[in-house]
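Chemist:
There are 2 protein chains.
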Amino acid sequence: MGQMKGKASIEFDNPPVIISAGAVVGRKEGQGPLGALFDQVEQDDMFGKDNWEQAESAMQKQTADLVIEKGGIRKGDLRYLFAGDLLGQLIATSFGTVDLEIPLFGLYGACSTMGEAMSLGAMAVNAGYAKQVMSMASSHFATAEKQFRFPLGYGNQRPLSATWTVTGCGAVVLAGDRKSGMAKITGITTGRMVDMGAKDSMNMGAAMAPAAFHTIEQNLEDFQINESYYDQIITGDLGEVGRRILLEFMKNKGHDLEPILMDCGIEIYDKEQQDTHAGGSGCGCSAVTFCSYILPKVQSGTWKRVLFVPTGALLSTVSFNEGETIPGIAHAVMIEHIE
Amino acid sequence: MGQMKGKASIEFDNPPVIISAGAVVGRKEGQGPLGALFDQVEQDDMFGKDNWEQAESAMQKQTADLVIEKGGIRKGDLRYLFAGDLLGQLIATSFGTVDLEIPLFGLYGACSTMGEAMSLGAMAVNAGYAKQVMSMASSHFATAEKQFRFPLGYGNQRPLSATWTVTGCGAVVLAGDRKSGMAKITGITTGRMVDMGAKDSMNMGAAMAPAAFHTIEQNLEDFQINESYYDQIITGDLGEVGRRILLEFMKNKGHDLEPILMDCGIEIYDKEQQDTHAGGSGCGCSAVTFCSYILPKVQSGTWKRVLFVPTGALLSTVSFNEGETIPGIAHAVMIEHIE
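As given, the protein sequences belong to chains V and D, one line each in that order.
Here UniProt numbering is used: position 258 in the first sequence is 258, and no number is missing along the way.
Here UniProt numbering is used: position 202 in the second sequence is 202, and no number is missing along the way.
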């Protein structure tokens with residue numbers, strides 16, 4: 001049973017353990033600063049398929065298979081799959097997971113999906129609903145650009161506040177068994193929709209920063225802790241612009257996050273060399289950075305406690321074209337080193 | 001703690017109780033056979049808004065407010081919201097729930113979303129993660145047609161196998177407290193993606209029937225029961241065509257579902273008078289039929305035990321135009337009368 005904490009959090013009595021994790025990324029991500037850390041870097045962004053959507057589905061399948069093999073897991077032992085992507089009607093996930101034959105909870109939290117998937121996965125394992133579950137999220141630069149922005153061939157100019165959608169898929173397997181040198185999920189704080197009126201789809205960091213602020217504040221309040229509790233607080237894909245806004249918001253509340261705030265979107269690309277402007281984004285951004293960079297640091301004990309906060313901007317081409325705002329959401333997952 | 005049953009099911013130790021439920025529908029649904037049962041029938045399908053998407057969001061907000069008021073619930077007591085709709089990037093839910101200020105798990109299960117939302121909501125309440133949660137799903141004829149098919153003004157002809165997307169939103173509040181004359185959720189069976197190669201978006205019943213079959217079979221197997229355990233087995237929106245396929249599949253496995261199989265899509269419209277062809281569909285179809293027709297019958301004890309199985313067809317315009325198949329998914333929820 002989980003213990004309710006404060007207004008929007010749960011502290012797990014039997015913190016689920018991350019027993020396997022892996023990430024598959026595209027070529028550009030492989031050329032970035034974290035390139036050497038990913039399990040697989042696919043040189044062909046089509047993943048050998050006929051179209052971009054099939055490519056993203058193939059990437060999900062490849063990631064799930066990798067994580068199963070890496071962890072020495074029997075596919076039949078995975079009781080539930082919590083997964084999602086950015087595409088309309090989750091088609092990357094639908095086609096990517098059909099061969100796995102695992103009961104599926106399809107999720108949509110925009111780029112916060114890995115946080116949502118890990119939260120629900122941990123809730124299921126802690127409650128004894130499953131011995132093992134998989135949480136997974138993906139995005140693909142080409143499917144996202146095609147869906148949200150312009151045809152790639154059009155070659156539109158991107159403002160400096162724009163982010164670059166990560167081609168990547170990350171997945172973890174959560175289980176009840178704990179071993180020394182692993183990482184566990186001790187708690188979660190679930191975000192709500194936050195709409196501050198941002199309208200620029202080329203500046204999603206600004207749209208998501210208020211949601212990240214709200215969820216991090218709620219986490220500190222619900223657990224009656226301050227930021228020094230964590231070695232790192234890691235947002236999903238705020239990028240340079242969103243990061244500055246979040247720091248400012250937190251500072252106004254008396255929290256100095258500067259020394260411990262990291263953003264997956266900033267880490268994943270080399271801004272100067274890779275022309276990615278404000279940073280990386282997409283569900284895959286936080287998912288692959290978590291699996292390949294953050295998790296190993298928690299496993300090794302470099303970081304004892306981190307707060308992982310994937311952030312999502314809720315827009316569609318329809319809502320954008322109708323002049324709507326872009327609400328944000330952020331889901332926080334508390335990850336701790338097991339001594 | 002929930003008890004794992006078989007391969008894909010959970011039996012709840014403390015079955016969550018449905019303490020409030022309500023449905024808001026559009027004009028056409030109000031004119032159908034269940035018209036008098038809905039809490040609110042809106043004569044203006046625009047819900048007083050400027051576009052269809054805003055209308056669907058307004059309908060969600062209206063439904064949530066109604067269910068909160070009807071149940072004498074304090075909004076602050078609702079710890080989590082499990083909700084979704086059919087639109088790309090869940091925009092009906094994003095904008096519809098922002099004012100509720102409740103931590104949100106955004107879900108996408110196509111028309112099976114109400115089953116997914118009730119499953120996860122019940123899992124959360126049973127595990128002690130929340131005292132009260134809301135599960136909600138909506139669809140709107142005009143947003144769905146605009147997104148999946150043709151502009152309304154084009155006036156395309158619809159084949160007899162096509163279904164009519166329900167304009168409606170249904171929501172329930174689940175809690176731990178039980179009272180005589182209410183209904184409880186005793187268990188769930190979570191579906192997986194099932195792809196039998198169906199490709200016709202004007203015949204989604206055929207695409208979903210194999211998934212419904214798979215989930216119902218799994219439920220009977222996991223709980224070691226046969227169909228006579230239930231007074232009714234109720235699918236979401238198979239329509240006339242999908243229903244026939246499901247009956248045939250079940251018959252081949254030795255189960256005669258004919259006397260107890262009901263389909264929300266068939267119940268909600270008068271086929272002859274309303275020109276709806278194979279029946280109703282959309283997340284809202286099973287959600288409003290559940291809240292207004294099925295639930296009262298379980299509360300009154302007319303039906304002691306029902307299996308509610310919302311069904312979803314996973315397609316997007318992109319996947320359809322790329323010639324992909326339409327995988328299906330179905331999530332089963334076991335509902336029981338409380339003496």
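Cβ atoms here follow ideal geometry from the backbone N, Cα and C, with glycine treated the same way.
No experiment lies behind these values; they were computed from the predicted model shown.
Please confirm if V:G242 has its CB atom under 8 Å from at least one CB of chain D.
Modeler: Chain D, which has no Cβ nearer than 8 Å to the Cβ of V:G242, makes this no.
Chemist: Note down, in chain order, every chain D residue with its Cβ under 8 Å from the Cβ of V:L90.
Modeler: Correct list: Y108 and L314.
Chemist: Between the segment 77-93 of chain V and the segment 188-198 of chain V, do three or more beta carbon pairs fall short of 8 Å?
Modeler: No: the two stretches stay apart, fewer than three of their Cβ pairs being nearer than 8 Å.
Chemist: Would you call the CB atoms of V:A183 and V:H337 closer than 8 Å?
Modeler: In contact: V:A183 and V:H337 (Cβ atoms closer than 8 Å).
Chemist: Would the beta-carbon of D:V306 fall within 8 Å of that of D:D231?
Modeler: Yes. Within cutoff.
Chemist: With three or more beta-carbon pairs closer than 8 Å as the criterion, would you say the segment 203-222 of chain D touches the segment 283-299 of chain D?
Modeler: In short, these stretches do not touch, since the Cβ pair count stays below three.
Chemist: Listed in chain order, which residues of the segment 215-233 of chain V have Cβ atoms closer than 8 Å to some Cβ of chain D?
Modeler: Those residues of the segment 215-233 of chain V that come within reach of chain D (Cβ to Cβ, closer than 8 Å) do not exist; the list is empty.
Chemist: Closest to V:G32 by CA distance: which of V:Y269, V:G72 and V:M118 is it?
Modeler: Closest by alpha carbon: V:Y269.
Chemist: Counting C-beta neighbours from all protein chains within 10 Å, is the total for V:P259 16 or more, i.e. buried, or is it exposed?
Modeler: So V:P259 ends up on the exposed side.
Chemist: Tell me the DSSP bridge mates of D:F308?
Modeler: D:I234 and D:V333.
Chemist: Look up V:T165 in the DSSP assignment and give the residues it is bridged to.
Modeler: Answer is V:S281, bridged to V:T165.
Chemist: At 4 residues or longer, and completely inside the segment 208-266 of chain D: list those alpha helix (DSSP H) runs for me, N to C.
Modeler: Taking only runs of at least 4 residues, the alpha helix (DSSP H) segments lying wholly in the segment 208-266 of chain D are 239-252.
Chemist: Using DSSP with H/G/I as helix, E/B as strand and the rest coil, what is residue 386 of chain V?
Modeler: Not covered by the structure: residue 386 of chain V. The range shown for chain V is 1 to 339.
Chemist: What are the boundary residues of the alpha helix (DSSP H) that V:I68 is part of?
Modeler: It spans W52 to K70 - the alpha helix (DSSP H) in which V:I68 sits, taken as one unbroken run.
Chemist: Name the two residues that bound the continuous alpha helix (DSSP H) containing V:S119.
Modeler: It spans T113 to N126 - the alpha helix (DSSP H) in which V:S119 sits, taken as one unbroken run.
Chemist: Roughly how many angstroms separate the alpha carbons of D:V67 and D:E101, rounded to a whole number?
Modeler: Each residue's alpha carbon lies about 16 Å from the other.
Chemist: Considering only DSSP beta bridges, list what D:E189 is partnered with.
Modeler: What sits at residue 189 of chain D in the sequence shown is Thr, not Glu. Its beta-bridge partners are D:S9 and D:A332.
Chemist: For the segment 290-318 of chain D, enumerate the residues whose C-beta is nearer than 8 Å to any C-beta of chain V, in chain order.
Modeler: Residues L314, L315, S316, T317 and V318.
Chemist: With DSSP run on the structure shown, which of helix, strand or coil describes V:S180?
Modeler: DSSP places V:S180 in coil when its eight states are reduced to three.
Chemist: Tell me which residue opens and which closes the alpha helix (DSSP H) that D:F320 is part of.
Modeler: First-last of the alpha helix (DSSP H) with D:F320: T317 to N321.
Chemist: Taking 8 Å as the threshold, find out whether the segment 90-97 of chain D comes into contact with the segment 43-60 of chain D through three or more Cβ pairs.
Modeler: Yes, since at least three Cβ pairs between the segment 90-97 of chain D and the segment 43-60 of chain D fall closer than 8 Å, the two stretches touch.
Chemist: Within 8 Å of any Cβ in chain D, is that where the Cβ of residue 341 of chain V sits?
Modeler: The shown model of chain V, from 1 to 339, leaves out residue 341 of chain V, and the question about it has no answer.
Chemist: Any beta carbon from chain V within less than 8 Å of D:N51's own beta carbon?
Modeler: Closer than 8 Å: yes.
Chemist: Here's a check: name, in chain order, each residue in its chain whose Cβ is nearer than 8 Å to the Cβ of residue 341 of chain V, leaving out the five neighbours to either side.
Modeler: Residue 341 of chain V lies beyond the residue range present for chain V, which begins at 1 and ends at 339; the question has no answer from this structure.
Chemist: Of all the CB atoms in chain D, is at least one closer than 8 Å to the CB of V:F47?
Modeler: Chain D, which has no Cβ nearer than 8 Å to the Cβ of V:F47, makes this no.
Chemist: So for V:Q147, helix, strand or coil by DSSP?
Modeler: Three-state result, V:Q147: helix.
Chemist: How many angstroms separate the CA atom of V:E339 from the CA atom of V:Q299?
Modeler: Those two C-alpha atoms are separated by around 9 Å.
Chemist: Note the first and the last residue of the continuous alpha helix (DSSP H) segment covering D:F95.
Modeler: It spans I91 to T97 - the alpha helix (DSSP H) in which D:F95 sits, taken as one unbroken run.
Chemist: Do the CB positions of D:P327 and D:I185 come within less than 8 Å of each other?
Modeler: For D:P327 and D:I185, no; Cβs fall outside 8 Å.
Chemist: Taking 8 Å as the CB-CB limit, is D:T150 close to chain V?
Modeler: It should be noted that the sequence gives Phe, not Thr, for residue 150 of chain D. It does not: the Cβ of D:F150 has no partner Cβ on chain V nearer than 8 Å.
Chemist: Which residues in the same chain as D:M4 place their Cβ atom closer than 7 Å to its Cβ, once the five residues preceding and following it in sequence are excluded?
Modeler: Within the same chain, D:M4 has close Cβ partners I10.
Chemist: By Cβ distance below 7 Å, which residues in the same chain neighbour V:G30 in space, the five residues on each side in sequence not counted?
Modeler: Result list for V:G30: F38 and V41, in chain order.
Chemist: Where do the ends of the alpha helix (DSSP H) carrying D:Q273 lie?
Modeler: Looking at the DSSP string, the run of the alpha helix (DSSP H) that includes D:Q273 is K271 to Q274.
Chemist: Quick test of your reading: D:V166 and D:S135, contact by CB under 8 Å. State the CB separation rounded to the nearest angstrom.
Modeler: Wrong, their Cβ atoms sit about 17 Å apart, outside the cutoff.
Chemist: Can you look up D:G106 in the DSSP assignment and give me helix, strand or coil?
Modeler: In the structure shown, D:G106 sits in a strand (DSSP, three-state: E or B).
Chemist: Suppose contacts are defined by Cβ-Cβ distances below 8 Å. Is V:L174 in contact with V:I73 by that definition?
Modeler: For V:L174 and V:I73, no; Cβs fall outside 8 Å.
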